[in-house]
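J.:
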Amino acid sequence: MLPIVPPPILLSAYRQGLFPMAEARSDQDIFWVEPRERAIIPIGGFHCSRSLARTIRREVFTIRVDSDFAGTVLQCAAPRATGEDTWISGRIAASYQRLHEVGHAHSIECWQGGEMVGGVYGVAFDRVFCGESMFRRRRDASKVALAWLLALLERAGCELFDCQFMTGHLASLGAIPIPQSEYLERLGAARGDQRISLPQALAEVEAEAAAQSSPALSSSPGKLIAHFLTQTS
Numbered sequence: 005m006l007p008i009v010p011p012p013i014l015l016s017a018y019r020q021g022l023f024p025m026a027e028a029r030s031d032q033d034i035f036w037v038e039p040r041e042r043a044i045i046p047i048g049g050f051h052c053s054r055s056l057a058r059t060i061r062r063e064v065f066t067i068r069v070d071s072d073f074a075g076t077v078l079q080c081a082a083p084r085a086t087g088e089d090t091w092i093s094g095r096i097a098a099s100y101q102r103l104h105e106v107g108h109a110h111s112i113e114c115w116q117g118g119e120m121v122g123g124v125y126g127v128a129f130d131r132v133f134c135g136e137s138m139f140r141r142r143r144d145a146s147k148v149a150l151a152w153l154l155a156l157l158e159r160a161g162c163e164l165f166d167c168q169f170m171t172g173h174l175a176s177l178g179a180i181p182i183p184q185s186e187y188l189e190r191l192g193a194a195r196g197d198q199r200i201s202l203p204q205a206l207a208e209v210e211a212e213a214a215a216q217s218s219p220a221l222s223s224s225p226g227k228l229i230a231h232f233l234t235q236t237s
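So the number in this note's numbering is just where the residue sits in the sequence shown, counting from 1, plus 4.
1) Would you mind sorting Arg199 into buried or exposed? The rule is 16 or more other CB atoms within 10 Å of its CB.
2) Within the same chain, show all residues whose beta-carbon is closer than 7 Å to that of Ala98, passing over the 5 residues directly before and after it, in chain order.
3) With 16 as the cutoff for other CB atoms within 10 Å, does Arg68 come out buried or exposed?
4) Determine, using beta carbons only, whether Ile44 and Asp166 come nearer to each other than 8 Å.
5) Rounding to the nearest angstrom, what Cα-Cα distance links Arg190 and Gln168 in this structure?
6) Relative to the C-alpha of Arg42, which residue among Ser71, Pro12, Gly135 is closest?
7) Going along the chain, which unbroken runs of the beta strand (DSSP E) with 3 or more residues stay wholly within the segment 40–116?
8) Let's see if you can read the secondary structure: which residues bound the beta strand (DSSP E) around Glu136?
9) Which of the three DSSP states is assigned to Ala26 in this structure?
10) Could you give the first and the last residue of the continuous alpha helix (DSSP H) run that contains Ile180?
11) Below 8 Å between beta carbons: does that hold for Gln101 and Val77?
12) Could you have a look at Ala205 and say whether DSSP puts it in helix, strand or coil?
13) Excluding sequence positions up to five away, which residues of its chain have a Cβ less than 6 Å from the Cβ of Gly126?
14) Given Met170, which residues of its chain have a CB within under 6 Å of its CB, disregarding the five upstream and five downstream residues?
15) Do Ser223 and Ala213 have their C-beta atoms within less than 8 Å of each other?
16) Quick check: what's the CA-CA separation for Ser111 versus Pro203?
17) Let me check understanding here. Comparing Cα to Cα, which of Leu56, Leu188, Arg29 lies closest to Cys80?
18) For Leu177, which three-state DSSP category applies?
19) Use the C-beta contact count for Phe35: other C-beta atoms within 10 angstroms, 16 or more gives buried, fewer gives exposed.
20) Gly122 and Arg140 - do their beta-carbons sit closer together than 8 Å?
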C-alpha cells in the first residue's frame, strides 16, 4: 500500500476547501475534490422531526464519541446493500486513522446491546467539522448520530458543518447548497479554536444531565439533546 497522506497535508487541503476520494475501496490512488457547489448544515439549523426527537429522548441508542473510530470508518467503507462500491479506500481509511490519533478526526457512534449500530465520522479543525461518511445497522441510527453530532458541535463552538455533496436525504435534515466561493469565505471566517472539543462537549452534556437528575425530576443526556434540537431547529 502507498503511504498515508500525512496529517499536515490533509489539514492543509481541508483548509483550502479540498478533500480526498478514491475511485474504489481497493484503489491506492487518491484524487482531490473541490465541488462547485457545497452542502452544509448551518449550525443550529438541523431539522429534527418529532419522531427523531422521540427516539433521541428515549435513548434507544447509547451515544459514544471516539470509542471505536477505526470501526466506524470500517463500517462506512463497507459495500452498500445496493452493491455500490465505496470511495473510502484502505489508504484513505489509514490516513483518517492517523488524523484521529493526532486529535483532528472524530467519530460519534450509536451503540445498542454492546454492538455499534450506527455512526458518523469526520475531520475537525479550527471551528469547522467536515462530515465524511455515516452508516446504520438499525433504523434511524445514522440520523441519531448526526443529530447528536450537530448538537455537540454547537455546544463546542463550531461555526461550520460541511457535508460536501448535496443529497435529498441531507436536505431533509437541514442541509443547504452554497457555491464553493461562499464556502471558502465561511471557511476563512471560522479560523481559530473552538471552546471545547467534541469529546469534552459530550462529557459536559452527561455531567449536566447527572446534575439535573433527581427522584423528583428525571433527566438524561438524550432528553437534554432532544430538547436542545427541538428548540433550535
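Where a beta carbon is used, it is the ideal one built from N, C-alpha and C, also for glycine.
T.: Walking through what the data contain:
1) Result: exposed.
2) So the qualifying residues of the chain are Ile8.
3) With 16 or more Cβ atoms within 10 Å of its Cβ, Arg68 is classed as buried.
4) In this structure, Ile44 sits near Asp166, with a CB-CB distance shorter than 8 Å.
5) When only Cα atoms are considered, Arg190 and Gln168 end up about 14 Å apart.
6) Of the listed residues, the one whose Cα sits closest to Arg42 is Gly135.
7) Whole beta strand (DSSP E) segments, 3+ residues: 41–44, 66–69, 109–116.
8) Note, Glu136: beta strand (DSSP E), 132–140.
9) It is coil, neither helix nor strand.
10) It is not in any alpha helix (DSSP H) - Ile180 instead sits in the beta strand (DSSP E) that spans 180–183.
11) Going by C-beta atoms, Gln101 is nearer than 8 Å to Val77.
12) If DSSP states are grouped into helix, strand and coil, Ala205 belongs with the helices.
13) Listed in chain order, the non-local C-beta contacts of Gly126 below 6 Å within the same chain comprise Phe133, Cys134, Gly135, Glu136, local neighbours out to five positions each way being set aside.
14) For Met170, where only same-chain residues beyond five positions count, the Cβ hits under 6 Å are Ala43, Pro181.
15) With a cutoff of 8 Å on beta-carbon distance, Ser223 and Ala213 are scored as near each other.
16) Each residue's Cα considered, the two are about 10 Å apart.
17) Ranking the options by Cα distance to Cys80, first place goes to Arg29.
18) Coil, per DSSP.
19) Classification for Phe35: exposed.
20) Using a Cβ distance threshold of 8 Å, Arg140 and Gly122 count as a contacting pair.
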